[in-house]
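*Asks:* Structure incoming, see below.
Structure, rendered in structure tokens:
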């Protein structure tokens, strides 16, 4: 009787141990849950923001000047247009950001003209008509003919007859000169001329001549 009681107590102890130890059906222990670690400090409760949360965007578009066309209640304005440096004989482009009012309608753009050092600049994109709310990039081109700084004006004519003028500045440098190396004159050697010898033969008496008596 005592032996049966001891065996029953041992079985009860084994069952309790299996229940507390956990594990799967094969007897392997269950893996411990992993903790997810978030970037930042837990003490101050801050987390590293993602690029979308930071709110900063990179804008790679660069223009050489800006012109605000104005509206009924806002005066137009224009900044100087600074063209990038170039070499004589090489064209340079000017990129101007045209901006319009966000609240009121802007007068349509009727014509654009650029003059630099007395020469008319080539207009590539005029942005004529209704300028969209997001603005428009006005593009012109100029080819300097001599080194040094140069100036000009960009004139915008609106449909109501008003004009907006922006100053143009730039500078051109001399282009690289081709390295041809020292030029050596071709040496001309005069060869002495030899006169061909002229041989004179003594006159021969003809066979028909008869000796004088």
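Numbering (mature numbering (1 follows the signal peptide of the UniProt record, and there is no 0)), first residue to last: -18 to -1, 1 to 195. Think of the CB as a built atom: it goes at the ideal place given N, C-alpha and C, for glycine as much as any other residue.
1) Beta carbon of residue 132, beta carbon of residue 102: below 8 Å?
2) Name the residue from 93, 146 and 77 whose alpha carbon lies nearest to the alpha carbon of residue 60.
3) Identify which residue in 153, 90 and 142 has its Cα closest to the Cα of residue 66.
4) For the candidate residues 45, 51, 129 and 44, whose alpha-carbon lies nearest to that of residue 112?
5) Please report how far the alpha carbon of residue 56 lies from the alpha carbon of residue 151, in whole angstroms.
6) Compare the C-alpha of residue 110 against each of 70, 141, 46 and 97 and name the closest.
7) Report the rounded CA-to-CA distance for residue 134 versus residue 106, giving the unit in angstroms.
8) Can you check DSSP and say which residues form a bridge with residue 59?
9) Closest to residue 149 by C-alpha separation, out of 156, 137, 158 and 157, would be which residue?
10) For residue 96, count neighbouring C-beta atoms within 10 Å of its own C-beta (all shown protein chains included) and say buried if the count is 16 or more, exposed if not.
11) With DSSP collapsed to three states, give me the class of residue 18.
12) Can you give me the start and stop residues for the beta strand (DSSP E) that residue 95 sits inside?
13) Nearest to residue 53 by alpha carbon, out of 86, 79, 45 and 71?
14) Just the Cα atoms here: how many angstroms apart are residue 69 and residue 125?
15) Considering only their Cβ atoms, is the gap separating residue 117 from residue 94 smaller than 8 Å?
16) Any idea what DSSP makes of residue 138, helix, strand or coil?
17) Return the first residue and the last residue of the beta strand (DSSP E) that residue 118 is part of.
18) So, for residue 76: in the same chain, excluding its five sequence neighbours on each side, which residues have a beta-carbon less than 6 Å away from its beta-carbon?
19) Rounded to whole angstroms, what is the Cα-Cα separation between residue 27 and residue 155?
20) Could you give the residue range of the beta strand (DSSP E) that holds residue 80?
21) Smallest Cα separation from residue 44: which of 157, 139, 120 and 73?
22) What are the partner residues of residue 86, as DSSP defines its beta bridges?
*Replies:* The answer reads as follows:
1) Cβ atoms of residue 132 and residue 102: not closer than 8 Å.
2) It is 146 whose Cα lies nearest to the Cα of residue 60.
3) Closest by C-alpha distance to residue 66, out of 153, 90 and 142, is 153.
4) Among 45, 51, 129 and 44, the Cα nearest to that of residue 112 belongs to 51.
5) Cα to Cα, the separation comes out at about 27 Å.
6) When each option's Cα is compared against that of residue 110, the closest is 141.
7) Put simply, the backbone Cα of residue 134 is about 17 Å away from that of residue 106.
8) Looking at the DSSP assignment, residue 59 forms a beta bridge with 50.
9) Taking only the C-alpha atoms, the option nearest residue 149 is 137.
10) With 16 or more other CB atoms across the displayed protein chains lying within 10 angstroms of its CB, residue 96 is buried.
11) Unreliable positioning characterises residue 18 in this predicted model, as indicated by a pLDDT of 47, which lies under 50. The coordinate reading is nonetheless provided below. When DSSP states are grouped into helix, strand and coil, residue 18 belongs to the coil group.
12) That run of the beta strand (DSSP E) goes 91 to 98.
13) Nearest C-alpha to residue 53: 86.
14) The alpha-carbon separation between residue 69 and residue 125 amounts to approximately 9 Å.
15) Not closer than 8 Å, so no.
16) Three-state DSSP puts residue 138 in a strand.
17) In this chain, the beta strand (DSSP E) harbouring residue 118 covers 118 to 124.
18) Excluding residues within five positions, the ones whose Cβ falls inside 6 Å are 46, 63, 65 and 122.
19) Residue placement at residue 27 cannot be trusted, given a pLDDT of 49 that sits under 50; what the coordinates show is reported in the next sentence. Taking the straight line joining both Cα atoms gives about 58 Å.
20) Residue 80 -> beta strand (DSSP E) spans 74 to 81.
21) If we check each option's Cα against that of residue 44, 120 comes out closest.
22) In the DSSP output, where bridge partners are listed per residue, residue 86 has none listed.
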